Amino acid sequence: MIEIVNLHASVDGQAILKGINLTMGAGEVHAMMGPNGSGKSTLSNVIAGREDYEITKGDILFNGESILELAPEERAHLGLFLSFQYPVEIPGVSVSNFIKTALNEMRKARGEEPLDASSMLKKMREKMDLLEMDKGFLSRSLNEGFSGGEKKRNEIFQMAMLEPKLAILDETDSGLDIDALRIVANGVNALRSSENAFMVITHYQRLLDYIVPDYVHVLLNGKIVKSGDKSLALELEERGYDWIKKEQA
Amino acid sequence: MSEQDQILNEVTTSEYKYGFYTDVESDKVPPGLNEDVIRLISAKKNEPEWMTEWRLDAYKIWQSMAEPEWANVTYTKPDFQAISYYSAPKKKQVNSLDEVDPELLKTFEKLGISLDEQKRLSGVAMDVVVDSVSVATTFKKTLAEKGIIFCSMSEAIQNHPELVKKYLGTVVPKTDNFYAALNSAVFTDGSFCYIPKGVRCPMELSTYFRINESGTGQFERTLVVADASSYVSYLEGCTAPQRDENQLHAAVVELIAMDDAEIKYSTVQNWFPGDAEGKGGVFNFVTKRGICERNAKISWTQVETGSAVTWKYPSCILKGDNSVGEFYSVAVTNNYQQADTGTKMIHLGKNTKSTIVSKGISAGHSHNSYRGLVRMGPRAVNARNFSQCDSLLMGDRCGAHTFPYIEVKHPSARMEHEATTSKIGEDQIFYCQQRGLGMEEAIALIVNGYCKDVLNQLPMEFAVEAQKLLAISLEGSVG
């Protein structure tokens, strides 16, 4: 699915990613953990194609093709989805209008006709039920006045609607209470299939109780310094990151 | 023969002497402005004497006035002697579309306003104004059955002189301002609308304006009279083809809403804004004002995307008790466009209410100013106003300015004023792109969301057109 090869990236001349190597296959869930400032969000932004970052070395291959030259929307059309850590507000644009526009842009890119209104609504209802969302949600302005939990749930709702191949969840658990966490995790689990892959960025083991990863990686100072299975996350929860830092030193 | 008649006779029979040229399309007077030209215009339009005198009086007033300089715009003042003040398509009498010049119909189709389609699909009656003279009016019969008069100003002067004489210049007097005085002297055509007592106009009345002739000033005069307890929704849409030189457009619109009447006046303005270097474009110096009697309501909605320079303040005089004035505006400036626009809400009666929602969008090197006055007079007991003025900036070379004026003469008045300035964030654009929208689609979506409160006020088919226009106007403004 995705192959990240010796990826180096910097912002304003300051190196943030210093040689990331990661391969993710279809059907896999990878957890990306690490202390603040280790480069987790940078990694997700770089994969999604944010312009502020300069790729100084390395490559990102999606289904075998480099995506470094592609615009963010072109990467999205390939099936790349980023659930934002801080989703932005777009006043005056309703959730339903936004999702409808996004879904139809995706379909257009794939040479498909726009989805008719009734199928669109049916699909929205289905996904909203999955995430136990209130119907009134659709007519609200995108993220405007949303609580932290509502914003994150809205991200997962969009993911469910767009059905990406690779979804990156950037600290989706932050700002969620335990009930919302369970609902969001259930939503993600329901979408898991042998066709898609998830990169779950998180600080906490808690989320991984619900979304059980196949692999856990530790990002430290712009590099993946340790990889393992789900037991690594439990170990981190117990011991913190210091022992890994010491290992590296 | 009186001296006046003699002059009249001279000017009306002296076409060759004045070098009238009648090319394939139109018939126009040579550039310049003096009393003779005004008499000539009036004579060509076969106007009654009182109208000619009214124009001449306005001309005298205009001569004593100076061009206003207080607006936050800079431009080279037009040379009023270099403008031709009259231009008319040759064919004037049109009973059906078959009689309309095929070239004209082609242009309409390009602009997406094919009369045929409009007639069939939207049920909109249109008084199409091309270069100052109406060439086609539709749905007149349906309206006539209700007693509604909807025709060109020229026709109104001929057929309903008592109404025109009674109301023309009562809301925007000749002495009002420089451009209004000029318009009063030289206006060539426009629309007239009268809704009788208690009648609810069954369709949106719509006028499409265009400037067709190079170097022709456009001086429209519109008068809408809604008699007691009547209702009318009026749409005015403007599109202008590309031009190299500056063109002056100085229109006057007067609305009269009598007791319990309501007028909704919507405008989409898309005059040629000049090219990307700021060359060319229309000067749009417009005076629009309405007066509300008891319990009456006037609502102005405008989407302004065009013109090189805009100077326009659709206003309401809330004379009657309990009357309501509204102003919803989106003004977009890109490249080197300049707009100084807003409204005046003059509260005279008791319990009068006004709402102002202004959304300015500036991109490129443009400057966008909101200028508004809310005045509550000494008799305006319990008057209320709510104003919201938002500015959206795109890029870092444009400017947004807000000049709100407030005058309150009664202690019971209540006013609220909210203002925001924001930039379209890279975060917002990236978010949309991540969801599969291209840069242009992302901007269009964000801008339409920002303008939603205003676009919602437009009739449906107009709102769709306005959304497209916003997207087109801002193409290439980011990235």
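Keeping their order, the protein sequence lines are chains A and B. The opening position of the first sequence corresponds to residue 6 in the numbering used here, with each subsequent residue numbered one higher. The opening position of the second sequence corresponds to residue 5 in the numbering used here, with each subsequent residue numbered one higher. A virtual CB, placed ideally from N, CA and C, is assigned to each residue, including glycine. Owing to the predicted nature of the structure, the values given are computational and were not obtained by experimental measurement.
Self-check item: Separation of residue 147/B from residue 98/B, as counted between CA atoms
Solution: Note that residue 98/B scores 45 on pLDDT, short of 50, meaning its location in the model is unreliable and no value can be drawn from it.
Practice problem: With 7 angstroms as the threshold, decide whether the Cβ of residue 110/A is near any Cβ in chain B. | Solution: yes
Quiz item: With 16 other CB atoms within 10 Å as the buried threshold, where does residue 183/B fall?
Solution: Result: buried.
Self-check item: Contact the segment 337 to 348 of chain B vs the segment 302 to 317 of chain B: 3+ CB pairs below 8 angstroms
Solution: yes
Quiz item: What three-state label does DSSP hand residue 47/B in the structure shown?
Solution: helix
Quiz item: Going by DSSP, what residues sit across from residue 408/B in a beta bridge?
Solution: 376/B
Quiz item: Is residue 304/B helix, strand or coil by DSSP?
Solution: It is a strand residue.
Quiz item: With a cut-off of 7 angstroms, does the C-beta of residue 22/A fall near any C-beta of chain B?
Solution: It does not; no Cβ of chain B falls within 7 angstroms.
Quiz item: What residues are listed by DSSP as bridge partners for residue 261/B?
Solution: When DSSP reads this structure, residue 261/B sits in a beta bridge with 230/B and 296/B.
Practice problem: Using a cut-off of 7 angstroms between C-beta atoms, extract the partners of residue 263/A located in chain B. | Solution: Here chain A has residues from 6 to 254 only, and residue 263/A is not among them.
Exercise. Output, in chain order, the set of chain A residues within a Cβ distance shorter than 7 angstroms of residue 456/B.
Key: Residues of chain A passing the Cβ test: 97.
Quiz item: What in chain B is Cβ-close to residue 55/A, meaning under 8 angstroms?
Solution: 434
Quiz item: Closer than 9 angstroms, Cβ to any Cβ of chain A: which residues of the segment 342 to 369 of chain B, in chain order?
Solution: none
Self-check item: Collapsed DSSP secondary structure at residue 80/A in the structure displayed
Solution: Reduced to three states, the DSSP call for residue 80/A is helix.
Quiz prompt | Under 7 angstroms between C-beta atoms of residue 303/B and residue 337/B | solution = Judged by beta-carbon spacing, residue 337/B lies beyond the 7 angstroms limit of residue 303/B, meaning their Cβ atoms are not closer than that value.
Practice problem: In angstroms with no decimal places, state the Cα-to-Cα distance between residue 72/B and residue 140/A. | Solution: 54 angstroms
Quiz item: What number of angstroms, rounded off, separates the C-alpha of residue 258/B from the C-alpha of residue 332/B?
Solution: 18 angstroms
Quiz item: Between the segment 413 to 434 of chain B and chain A, which residues of the former have a C-beta closer than 8 angstroms to a C-beta of the latter?
Solution: 429, 430, 431, 432 and 434
Quiz item: Between the C-alpha atoms of residue 7/A and residue 171/A, what's the straight-line distance to the nearest angstrom?
Solution: Approximately 8 angstroms, taken between the alpha carbons.
Self-check item: Strand pairing of residue 286/B, partner residues [DSSP]
Solution: 251/B
Practice problem: Using beta-carbon positions only, say whether residue 54/A and residue 77/A come within less than 7 angstroms of one another. | Solution: yes
Exercise. Show which residues of chain B have a CB atom less than 9 angstroms away from the CB atom of residue 92/A.
Key: 435
Exercise. Rank 379/B, 432/B, 426/B and 415/B by C-alpha distance to the C-alpha of residue 397/B and give the top, closest one.
Key: 426/B
Quiz item: Where DSSP assigns a beta bridge to residue 369/B, which residues make up the other side?
Solution: Paired residue(s): none; residue 369/B is not in a bridge.
Self-check item: Spatial distance of residue 25/A from residue 475/B (CA atoms)
Solution: 40 angstroms
Practice problem: With 7 angstroms as the threshold, decide whether the Cβ of residue 87/A is near any Cβ in chain B. | Solution: yes
Quiz item: Contact between the segment 181 to 189 of chain A and the segment 102 to 113 of chain A: three or more CB pairs below 8 angstroms?
Solution: Too few Cβ pairs lie closer than 8 angstroms, so no.
Quiz item: By Cβ distance, which residues of its chain are closer than 8 angstroms to residue 199/A, with the 5 residues on each side in sequence left out?
Solution: 31 and 32
Quiz prompt | CB of residue 375/B within 7 angstroms of CB of residue 411/B, strictly | solution = Against a cut-off of 7 angstroms, the Cβ pair of residue 411/B and residue 375/B comes out as no contact.
Quiz item: At which residues does the beta strand (DSSP E) containing residue 74/B begin and terminate?
Solution: First-last for residue 74/B: undefined, no H or E at that position.
Quiz item: Closest Cβ-Cβ distance between residue 449/B and chain A: below 7 angstroms?
Solution: yes
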